[in-house]
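Notes for the one structure printed next.
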Amino acid sequence: MPQDNYQSSGVHLTQALHRRFVITWWATVSLLLPFAFLIYSISPLLSDNYLYDTWLSSQSSPPSQDILIIEIDEPSLQWFGRWPWPRDIHARLVEKLDAAGASAVVLDILLIESSRDSQQDQLLVEAMKAHGNVHIPLALLPERTSGAPFRDTLMPIPALMLAAASVGHINISLDSDGVAREVVLKEARDDVIWPQLMASVAGIPAEALDTTPVRIPYRGWPKHYPSVSYHDVLEGRLPESFLKDRIVLVGMTALGMGDRYNMSLLSSELMPGVEVHAHLLDALRDDNLIYPVPPLTGAVLAGLPIIMLMLLAWWLRFRFMLGIVILLSGVAVVGSLFALGSGWWWPPSASLIALGLAFVVIVWRSQATLLSWFEQELKLLYREPPILPYRQVLAPNEGGKLYQQLQSLEFALTRLVQGRRLILDVMHSLPLPIFILNEDGSVLLANRKAVMLGENGERAKPVQHIKDLPEVVSFEEEREFAALWPPTAFDGEDSPSVLTGVVQGRRW
Numbered sequence: 001m002p003q004d005n006y007q008s009s010g011v012h013l014t015q016a017l018h019r020r021f022v023i024t025w026w027a028t029v030s031l032l033l034p035f036a037f038l039i040y041s042i043s044p045l046l047s048d049n050y051l052y053d054t055w056l057s058s059q060s061s062p063p064s065q066d067i068l069i070i071e072i073d074e075p076s077l078q079w080f081g082r083w084p085w086p087r088d089i090h091a092r093l094v095e096k097l098d099a100a101g102a103s104a105v106v107l108d109i110l111l112i113e114s115s116r117d118s119q120q121d122q123l124l125v126e127a128m129k130a131h132g133n134v135h136i137p138l139a140l141l142p143e144r145t146s147g148a149p150f151r152d153t154l155m156p157i158p159a160l161m162l163a164a165a166s167v168g169h170i171n172i173s174l175d176s177d178g179v180a181r182e183v184v185l186k187e188a189r190d191d192v193i194w195p196q197l198m199a200s201v202a203g204i205p206a207e208a209l210d211t212t213p214v215r216i217p218y219r220g221w222p223k224h225y226p227s228v229s230y231h232d233v234l235e236g237r238l239p240e241s242f243l244k245d246r247i248v249l250v251g252m253t254a255l256g257m258g259d260r261y262n263m264s265l266l267s268s269e270l271m272p273g274v275e276v277h278a279h280l281l282d283a284l285r286d287d288n289l290i291y292p293v294p295p296l297t298g299a300v301l302a303g304l305p306i307i308m309l310m311l312l313a314w315w316l317r318f319r320f321m322l323g324i325v326i327l328l329s330g331v332a333v334v335g336s337l338f339a340l341g342s343g344w345w346w347p348p349s350a351s352l353i354a355l356g357l358a359f360v361v362i363v364w365r366s367q368a369t370l371l372s373w374f375e376q377e378l379k380l381l382y383r384e385p386p387i388l389p390y391r392q393v394l395a396p397n398e399g400g401k402l403y404q405q406l407q408s409l410e411f412a413l414t415r416l417v418q419g420r421r422l423i424l425d426v427m428h429s430l431p432l433p434i435f436i437l438n439e440d441g442s443v444l445l446a447n448r449k450a451v452m453l454g455e456n457g458e459r460a461k462p463v464q465h466i467k468d469l470p471e472v473v474s475f476e477e478e479r480e481f482a483a484l485w486p487p488t489a490f491d492g493e494d495s496p497s498v499l500t501g502v503v504q505g506r507r508w
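Its first residue numbered 1, the sequence shown is counted upward by one per residue in full-length UniProt numbering.
Below is the structure:
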């Protein structure tokens, strides 16, 4: 193949290689962006939850001093008997708290059935009215087996609802890993809006609440809030000053009684529901709940590292790809933690998974593209007539295609090296100075005689361009020689192949 054809083929292959790289790059983007969005749509993953719980466990803060938990614990059950207790006992507790000056009372107890003795209910109603700021819960149950579109609601008896300062639901959402992290602050059932009980206690109107689940920023592990035994309060073992101006939450803490929740993957210790509500109440009053990033914003953020990876990997060198992936992964994790510190939760695992896949796909496809290009280049090289006869001997069926290509590369390099050595040896052995030039006349290669000509000539100076030659060697027709570059073709020739001139009647 003539050299100009080989060069044009090389340019064509290089352009084709560039096009294939571009196609690989953007095909990866177009495939992985929807994948990142899909992964984000099922987030948070277990890795996200571990990251969230780890961050939250490092953010321990003291509880509000005006929140007190009255525990229905084992000693209280031993004293008052098995559950449920007569409601006059709860009435006495409310009266006790009213006399001590408790600012609010939350009975975290489902009072959904009337007592056999209606007088018991009446005593509790009167005690609640006398205090004036007693809050009671309702529960929203799963769907009925009849397939009704709304869930059943376990309501307190009407008399207690009328006597209560507010009624709210106490449902706590569990994530797929069984950890209680979220709560819905407002739910609608049968066209009735039910706020979360702690939102009512905090004085937040239902109109200001949203139906989007929010995350509870736990301030610590179980037993973080001050608590006293139900029995101790009724027996008067606490001074009234200890109860004054307190928001008192009354709920079950005895083992095997009431609701208990796992509040972190980092611990197997369960937290009673009444204490979960204490954490929620603190967060509502301090306005530091953790809100999920809106789905569209979160999906865009999940795909952003993929786009950045493509741009940076294209702009920087390919060998920096792994470092770029690690850097962007770190940015995604740090960004998620920074958002958590600002009260927003964005799970980063979708981006991390997509970045890892992008790295694997790009490396795989880029190597495949390079190997294909390399194979075509070798084929072009083999079409060139060799300077010396060679016979390539490959190990049959050894090492697979990649190994065969490496052997071909070694053979091609051997051809090039030996051919170059032959050319240099021939050039250096010639008794005449030889210069090899590029198209603009710059000297690319010179033999020993040519180098010595520049070093030891009449006016010693390295010959870097053909026009420097008259400065180191005297010609009889120097002016005519200097005007000979760029060379022109002889009559009948398509292009000049050598620099020609006429000196002393000789053509050279």
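Every residue gets a Cβ at the ideal spot worked out from N, C-alpha and C, and that includes glycine.
**Prompt:** Is it buried or exposed for residue 288, if we count other Cβ within 10 angstroms and need 16 for buried?
**Reply:** Position 288 of the sequence shown, counted from the start, is the residue given in the question as residue 288. Label assigned to residue 288: exposed.
**Message:** Looking at the secondary structure, which residues open and close the beta strand (DSSP E) in which residue 55 lies?
**Reply:** Here residue 55 refers to the residue found at position 55 when the sequence shown is read from its first residue. It is not in any beta strand (DSSP E) - residue 55 instead sits in the alpha helix (DSSP H) that spans 46-57.
**Message:** Spatial neighbours of residue 171 within its chain, please: C-beta separation below 6 Å, excluding the five flanking residues on both sides.
**Reply:** Here residue 171 refers to the residue found at position 171 of the sequence shown. Contacts found: 140.
**Asked** Would you call residue 123 buried or exposed, if buried means 16 or more other Cβ atoms sit within 10 Å of its Cβ?
**Response** To locate residue 123, count along the sequence shown from 1; it is residue 123. With 16 or more other Cβ atoms within 10 Å, it is buried.
**Message:** Just list the residues that DSSP pairs residue 271 with in beta bridges.
**Reply:** Against the sequence shown, residue 271 aligns to sequence position 271. Residue 271 is bridged to 261.
**Request:** Identify whether residue 60 lies in helix, strand or coil by the three-state DSSP scheme.
**Result:** Position 60 of the sequence shown, counted from the start, is the residue given in the question as residue 60. Residue 60 falls in the coil class under three-state DSSP.
**Ordered list of beta strand (DSSP E) runs contained in the stretch 160-236, each at least 3 residues** = 166-169, 180-183, 186-189, 192-195 and 227-229
**Item:** Reduced DSSP category for residue 414 - H, G, I as helix; E, B as strand; rest coil
**Value:** As a position in the sequence shown, residue 414 is number 414, starting the count at 1. Note: residue 414 maps to helix in three-state DSSP.
**Message:** Going by DSSP, what residue range makes up the alpha helix (DSSP H) through residue 71?
**Reply:** Taking the first residue of the sequence shown as position 1, residue 71 is located at position 71. First-last for residue 71: 67-72, but that is the beta strand (DSSP E), not the alpha helix (DSSP H).
**Message:** On a Cα-Cα basis, can you pick out the residue from 345, 96 and 233 that is closest to residue 294?
**Reply:** Locating residue 294 in the sequence shown gives position 294, counting from the first residue. When only C-alpha atoms are compared, the closest one is 345.
**Item:** Three-state secondary structure (DSSP) of residue 509
**Value:** Since the displayed the chain opens at 1 and closes at 508, residue 509 lies outside it and no answer follows.
**Message:** Within a Cβ cutoff of 6 Å, which residues of the same chain sit near residue 252, ignoring the five residues on either side of it in sequence?
**Reply:** Within the sequence shown, numbered from 1, the residue matching residue 252 stands at position 252. 72 and 258, listed in sequence order.
**Message:** Need the endpoints of the beta strand (DSSP E) that residue 153 sits in, please.
**Reply:** Within the sequence shown, numbered from 1, the residue matching residue 153 stands at position 153. Its beta strand (DSSP E) spans residues 151-154.
**Asked** Between the stretch 353-365 and the stretch 28-41, do three or more beta carbon pairs fall short of 8 Å?
**Response** yes
**residue 343 versus 349, 350 and 335, residue with shortest Cα-Cα distance** = Looking up residue 343 in the sequence shown gives position 343. Minimum Cα distance to residue 343 is reached at 335.
**residue 34 to residue 213 span [Cα, whole Å]** = Along the sequence shown, read from residue 1 onward, the residue named residue 34 stands at position 34. Along the sequence shown, read from residue 1 onward, the residue named residue 213 stands at position 213. Computed Cα separation, rounded: 25 Å.
**Message:** Relative to the C-alpha of residue 452, which candidate in 442, 440 and 469 has its C-alpha closest?
**Reply:** Residue mapping note: residue 452 aligns to position 452 of the sequence shown, counting from 1. The residue with the shortest Cα to Cα distance from residue 452 is 469.
**Request:** Count the C-beta pairs between the stretch 267-278 and the stretch 121-135 that are closer than 8 Å, then say yes if the count reaches three, no if not.
**Result:** no
**Message:** Any contact between the stretch 192-206 and the stretch 46-66? By contact I mean 3 or more CB pairs, one from each, below 8 Å.
**Reply:** no
**Assigned secondary structure, residue 442 (DSSP; H/G/I helix, E/B strand, else coil)** = If you number the sequence shown from 1, residue 442 lands on position 442. If DSSP states are grouped into helix, strand and coil, residue 442 belongs with the strands.
**Message:** I'd like to confirm the pairing. Which residues does DSSP put opposite residue 344 in its beta bridges?
**Reply:** In the sequence shown, the residue the question calls residue 344 occupies position 344. According to DSSP, residue 344 bridges with 291.
**Three-way DSSP call (helix, strand, coil) for residue 463 in this model** = Translated into positions along the sequence shown, residue 463 becomes position 463. Residue 463: coil per DSSP, three-state reduction.
**Request:** Please report the Cβ distance between residue 263 and residue 199, rounded to the nearest whole angstrom; I am assuming they are in contact, meaning their Cβ atoms lie under 8 Å.
**Result:** Locating residue 263 in the sequence shown gives position 263, where the first residue counts as 1. Locating residue 199 in the sequence shown gives position 199, where the first residue counts as 1. Actually they are not in contact, since the Cβ atoms of residue 263 and residue 199 sit about 19 Å apart, beyond 8 Å.
**Prompt:** So what's residue 101 in DSSP terms, helix, strand or just coil?
**Reply:** As a first step, residue 101 must be located in the sequence shown, where it is residue number 101. Correct three-state label for residue 101: coil.
**Asked** What's the C-alpha gap between residue 218 and residue 167?
**Response** Position 218 of the sequence shown, counted from the start, is the residue given in the question as residue 218. Position 167 of the sequence shown, counted from the start, is the residue given in the question as residue 167. If you take the alpha carbons of residue 218 and residue 167, they lie about 24 Å apart.
**Request:** Out of 443, 187, 408 and 107, point me to the one whose CA is closest to residue 277's CA.
**Result:** As a working note, residue 277 is residue 277 in the sequence shown. Nearest of 443, 187, 408 and 107 to residue 277, Cα basis: 107.
**Message:** On the CB-based measure, 16 or more other CB atoms within 10 Å of its CB, does residue 260 come out buried or exposed?
**Reply:** Counting from 1 along the sequence shown, the entry for residue 260 is found at position 260. Burial call: buried.
**Request:** Under 7 Å Cβ to Cβ from residue 110, same chain only, skipping five residues before and after it: list those, please.
**Result:** For the purposes of this step, residue 110 is taken as residue 110 along the sequence shown, with counting starting at 1. Excluding sequence neighbours, residue 110 sits near 137, 139 and 154.
**Message:** In whole angstroms, give me the CA-to-CA distance for residue 440 and residue 465.
**Reply:** What you label residue 440 is simply residue 440 of the sequence shown in a count that begins at 1. What you label residue 465 is simply residue 465 of the sequence shown in a count that begins at 1. Approximately 9 Å between the Cα atoms of the pair.
**Prompt:** What number of angstroms, rounded off, separates the C-alpha of residue 90 from the C-alpha of residue 66?
**Reply:** Position 90 of the sequence shown, counted from the first residue, corresponds to residue 90. Position 66 of the sequence shown, counted from the first residue, corresponds to residue 66. If you take the alpha carbons of residue 90 and residue 66, they lie about 21 Å apart.
**Item:** Nearest to residue 162 (by Cα), restricted to the options 133, 177 and 185
**Value:** Walking along the sequence shown from the start, residue 162 turns up at place 162. When each option's Cα is compared against that of residue 162, the closest is 133.
**Prompt:** Is DSSP giving residue 266 helix, strand or coil here?
**Reply:** Here residue 266 is taken as the residue at index 266 of the sequence shown, counted from 1. Residue state, collapsed to three classes: coil.
**Message:** In the DSSP assignment, the beta strand (DSSP E) including residue 437 goes from what residue to what residue?
**Reply:** Within the sequence shown, the letter at position 437 stands for residue 437. Unbroken beta strand (DSSP E) run through residue 437: 435-437.
**Message:** Let's see if you can read the secondary structure: which residues bound the beta strand (DSSP E) around residue 249?
**Reply:** Start at 1 with the first residue of the sequence shown, and residue 249 comes out as number 249. Segment 247-252, the beta strand (DSSP E) holding residue 249.
**Request:** Output the boundary residues of the alpha helix (DSSP H) element that contains residue 118.
**Result:** Here residue 118 refers to the residue found at position 118 when the sequence shown is read from its first residue. Residue 118 -> alpha helix (DSSP H) spans 118-131.
**Request:** For residue 186, count neighbouring C-beta atoms within 10 Å of its own C-beta (all shown protein chains included) and say buried if the count is 16 or more, exposed if not.
**Result:** Mapped onto the sequence shown, residue 186 falls at position 186. Under this definition residue 186 is a buried residue.
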